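S.K.: Counting along the first sequence from 1, when you hit position 143 you're at 145 in our numbering, and nothing is skipped either side.
In this text, a Cβ means the ideal position worked out from N, Cα and C, and glycines have one as well.
Computed from a predicted structure; not experimentally measured.
My structure is below; once you've seen it, I'll send some questions.
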Amino acid sequence: MMNRTAFIKFGGTTSFLLHSLSSFQFGTHTASLHSNVSSLIHKITNLNDALNLFDEMSHTRPLPSVVHFTQLLNAVTKMKHFSSSLHLFNQMCAIGVPVDKYSMSIAIKCCCQLYRSKDGFALLGCCFRRAIPPNVYIFNALLDGLVLEDRILEAEMLFKKLIKQKLCEPNVVTYNTMIKGLCKFGNNVTALALLRLMEQKNCKPDIVTYSTIIDSLCKDKLIDDAFKLFKEMLFEKGILPDVITYTSLIRGLCNLGRWDEASKLLKEMEDENISPDVQTFTVLVDAFCKEGKVEEAEAVINIMIERGKAPDLVTYNSLIDGYCLRGEMIKAKKLFDSITLRGLVPDVVTYSSLLNGYCKNLNIEKAEQMFREMSGKGLKPDVVTYSTMIQGFFQVGRCVAARKLFDEMHAQGQIPNECTYGIVLDGLCNNHLVEDALSLFHLVGNSKLNSNVAVYNILIDGASKNGKVDIARVVFQGLTDKGLQPNVRTYTVMISGFCQEGLLGEAKLLFLKMDESGCPPDDVTYRVLLQGYLKNRHYDDVEMLLQEMDDRGYSLDASTLSLFIDDIAAGLLDRSMLKLLGKLVPKELLNDPSLCDWE
DNA sequence: CTAGGGTTAG
């Protein structure tokens, strides 16, 4: 806590306060403080001013009222200085300001926003002891805290308890917070059910309710459902969408590559006089970059600047990623270096993006350099940074370095997640260390990490590629034994493994099982099986498979197609198959010169 | 004097 001396030292930026406060610094005009305090609080723009004003207030006798202290507390909280705000709250208690439900609710909110909902609940206990009946604001803050910490079951329990024990009447914010939690865990169905419950209970869903669910549907690529809800909101409830609603929908469309509709929606929102903001533009930049359309992303940034919406760190992080994806590392680094010139400070994501770019482009030394540099700047590498770097080491065959970093990650308190685990298993397999991957897999045993099909897909693929199809078969069996459902990819990698070993009978059997199991083969499965057949000169089922592909609307890829052409040229396959093959050539390959000379 | 929804990295 800063004292008065420190305040003087900081000087300069707070001169208006000094001036305003000078009237009572010598204890002569305390009355003027009380009348001025609200206006002083409104002028607060930084933490130092707030802390010093608090200091002044706490030395004033009689003490300013709890309302004034709470106003100040609120100002600090709005600046997101949650721990300072909590500190001030504690000071208030210590100097005997009688805290009320308002200050309590702010303090609880601060605990929760700091991922310390446990302390929030402790304060709830204080409410009861001090005969401050907790209100809906307090419970909403606690509910939000649980959601923030991903403690969704406890959030649901609290929500139900509020209603059952009539602790408070849940309002639209309570519902919205619970819905946000459900959406965060991908439970759109229950979120929607809660929206319906609101209607029943006469607690009108509002734009936040709708936007939250619409956003979640978009994230799950359920864009049609999202628009259905959007129309319901607009036409049945008469709620007008705002910039947030539009941004979610635009992102949903962009992520599905439906650019035309996205730009139509962008135009629609501008027609409604809703201006896209920095986040809307950033969504566009990010989507373009992910598609490799960096020029379009740059154009969006230029539009932003023209319109006076300064791109922020997130915008630039996305663009860095876009350059990295295209292997344009010089541009990526140049942008990285220019971020500081724009008055922005690179964060963990910025560093991780560039580091990822260097890894993906196999410049591991530069990646390591970024890794060291960020630590030097006081930025702590997080799970993503570590995972990226570990993957980079594996990609260049530096398995020992990968292992060392994995251990360091543990030591630094960064817990590997599913993705890290997958990277390690994949890395080991790709470096011919299938046995090590299996040992790790068995070591992990029955934990949650091993209940993900992706893990099995990696091991089956890895074992097969190392010529250990027997191990792959055992892992595949283990997956079903565990009650997990293989997905298309699982079947496909297993079939690919069988084909590699010339076990076409087993491949075919598994292929046939897919439809039976309600997991129909996709175009990749067909290509894998066809390649297996062709490479093994097994032509019996080929024509039938091609016909099925045509029926299902699938197409061939360039490499499978060239195998066919080679076999036809060698007279191994009949030219009559060309007609069928012609139907399976994807549009983008039609102008490929290497495929022009057949027929 | 107190509350809620949208953007980035593996």
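Compute the beta-carbon to beta-carbon distance between L321 and L337, rounded to the nearest angstrom, for a pair I have assumed lies under 8 angstroms.
M.R.: Taking the first residue of the first sequence as 1, we reach residue 321 at position 319. Taking the first residue of the first sequence as 1, we reach residue 337 at position 335. About 6 angstroms; that satisfies the 8 angstroms criterion.
S.K.: If I measure Cβ to Cβ from M235 and keep anything under 6 angstroms in the same chain, skipping five residues before and after, which residues do I get?
M.R.: Taking the first sequence and counting its residues from 1, the one referred to as residue 235 is at position 233. Result list for M235: Y212 and I241, in chain order.
S.K.: Does the beta-carbon distance from L286 to A264 come in below 9 angstroms?
M.R.: Taking the first residue of the first sequence as position 1, residue 286 is located at position 284. Taking the first residue of the first sequence as position 1, residue 264 is located at position 262. In this structure, A264 lies closer than 9 angstroms to L286 by Cβ.
S.K.: How would you write the range of the alpha helix (DSSP H) that K186 sits in, first residue to last?
M.R.: Counted from its first residue, the first sequence places residue 186 at position 184. That run of the alpha helix (DSSP H) goes V174 to K186.
S.K.: What residue range does the alpha helix (DSSP H) around M411 cover?
M.R.: Looking up residue 411 in the first sequence gives position 409. Taken as a continuous stretch (DSSP letters only), the alpha helix (DSSP H) holding M411 covers C401 to A413.
S.K.: Tell me the rounded alpha-carbon separation between Y535 and T317.
M.R.: Within the first sequence, residue 535 is the residue found at index 533, counting from 1. Within the first sequence, residue 317 is the residue found at index 315, counting from 1. Roughly 48 angstroms between the two C-alpha positions.
S.K.: Short of 7 angstroms in beta carbon distance, which residues of its chain neighbour D569, apart from the five on each side in sequence? Order them along the chain.
M.R.: Against the first sequence, residue 569 aligns to sequence position 567. If we look at D569 and ignore the five residues flanking it on each side, its Cβ neighbours are L536 and L575.
S.K.: What ranges does the alpha helix (DSSP H) occupy inside the region 97-156, keeping only unbroken runs of at least 4 residues that lie completely in it?
M.R.: Taking only runs of at least 4 residues, the alpha helix (DSSP H) segments lying wholly in the region 97-156 are 103-115, 119-131 and 138-150.
S.K.: What does a CB cutoff of less than 7 angstroms around D384 pick up in its chain, not counting 5 residues either side in sequence?
M.R.: Position 382 of the first sequence, counted from the first residue, corresponds to residue 384. Around D384: V350 and Q416.
S.K.: For the region 450-527, which segments carrying the alpha helix (DSSP H) assignment without a break, of at least 4 residues, lie completely within its bounds, in sequence order?
M.R.: 455-467, 471-483, 490-502 and 506-518
S.K.: Between the region 179-192 and the region 142-158, are three or more C-beta pairs nearer than 8 angstroms?
M.R.: yes
S.K.: What is the DSSP secondary structure of R554, counted as helix, strand or coil?
M.R.: For the purposes of this step, residue 554 is identified with residue 552 of the first sequence, where counting begins at 1. Note: R554 maps to helix in three-state DSSP.
S.K.: Rounded to whole angstroms, what's the CA-CA distance from Q167 to F141? Just pull it up for me.
M.R.: The sequence position of residue 167 within the first sequence is 165, counting from 1. The sequence position of residue 141 within the first sequence is 139, counting from 1. Near 13 angstroms, if we compare the C-alpha coordinates of F141 and Q167.
S.K.: Could you compute how far the alpha carbon of D146 sits from the alpha carbon of V210?
M.R.: Here the question's residue 146 lines up with position 144 in the first sequence. Here the question's residue 210 lines up with position 208 in the first sequence. Cα to Cα, D146 sits roughly 14 angstroms from V210.
S.K.: Leaving out the 5 sequence neighbours to the left and right, which residues in its chain are closer than 6 angstroms to F395 when beta-carbon positions are compared?
M.R.: Mapped onto the first sequence, residue 395 falls at position 393. Once the five neighbours on either side are set aside, the close Cβ partners of F395 are A403 and A404.
S.K.: Does G378 pass the burial test, meaning 16 or more other C-beta atoms within 10 Å, or should it be called exposed?
M.R.: Sequence index remark: in the first sequence, residue 378 carries index 376 (1-based). By the neighbour-count rule (16 or more Cβ atoms within 10 Å), G378 is not buried but exposed.
S.K.: Applying the criterion that 16 or more other CB atoms from any shown protein chain within 10 Å of the CB defines a buried residue, is M516 buried or exposed?
M.R.: By one-based count along the first sequence, residue 516 stands at place 514. M516 is buried by the Cβ-count criterion.
S.K.: So, using beta-carbon positions, are M376 and Y353 closer together than 9 angstroms?
M.R.: Walking along the first sequence from the start, residue 376 turns up at place 374. Walking along the first sequence from the start, residue 353 turns up at place 351. Yes, these two residues count as a Cβ contact at 9 angstroms.
S.K.: Less than 6 angstroms between C-beta atoms, sequence neighbours within five positions excluded: which residues of the same chain meet that for A193?
M.R.: To locate residue 193, count along the first sequence from 1; it is residue 191. Within the same chain, A193 has close Cβ partners I181, L184, C185 and I215.
S.K.: Check whether the Cβ atoms of M81 and L49 sit closer than 9 angstroms, and answer yes or no.
M.R.: Here residue 81 refers to the residue found at position 79 when the first sequence is read from its first residue. Here residue 49 refers to the residue found at position 47 when the first sequence is read from its first residue. Inclusion of M81 and L49 in the CB contact set at 9 angstroms is warranted, their separation being smaller than that value.
S.K.: Taking buried to mean at least 16 other C-beta atoms within 10 Å of its own C-beta, is H31 buried or exposed?
M.R.: Taking the first sequence and counting its residues from 1, one reaches residue 31 at position 29. Residue confidence is low: H31 scores 40 on pLDDT, short of 50, so the model does not pin down where it sits. Its coordinate-derived value is still stated next. Classification of H31: exposed, given that the 10 Å Cβ count is below 16.
S.K.: Go through its chain and collect everything with a Cβ distance to L407's Cβ below 7 angstroms, but skip five positions before and after it.
M.R.: Against the first sequence, residue 407 aligns to sequence position 405. Once the five neighbours on either side are set aside, the close Cβ partners of L407 are Y388, M391, I392 and F395.
S.K.: For R624, report the span of its alpha helix (DSSP H) as first-last.
M.R.: Nothing about residue 624 can be read from this structure; the chain reaches only from 3 to 601.
S.K.: May I ask you to report which of helix, strand or coil DSSP gives A439?
M.R.: By one-based count along the first sequence, residue 439 stands at place 437. Correct three-state label for A439: helix.
S.K.: With H, G and I counted as helix, E and B as strand and the rest as coil, what does DSSP make of M579?
M.R.: Position 577 of the first sequence holds residue 579. Three-state result, M579: helix.
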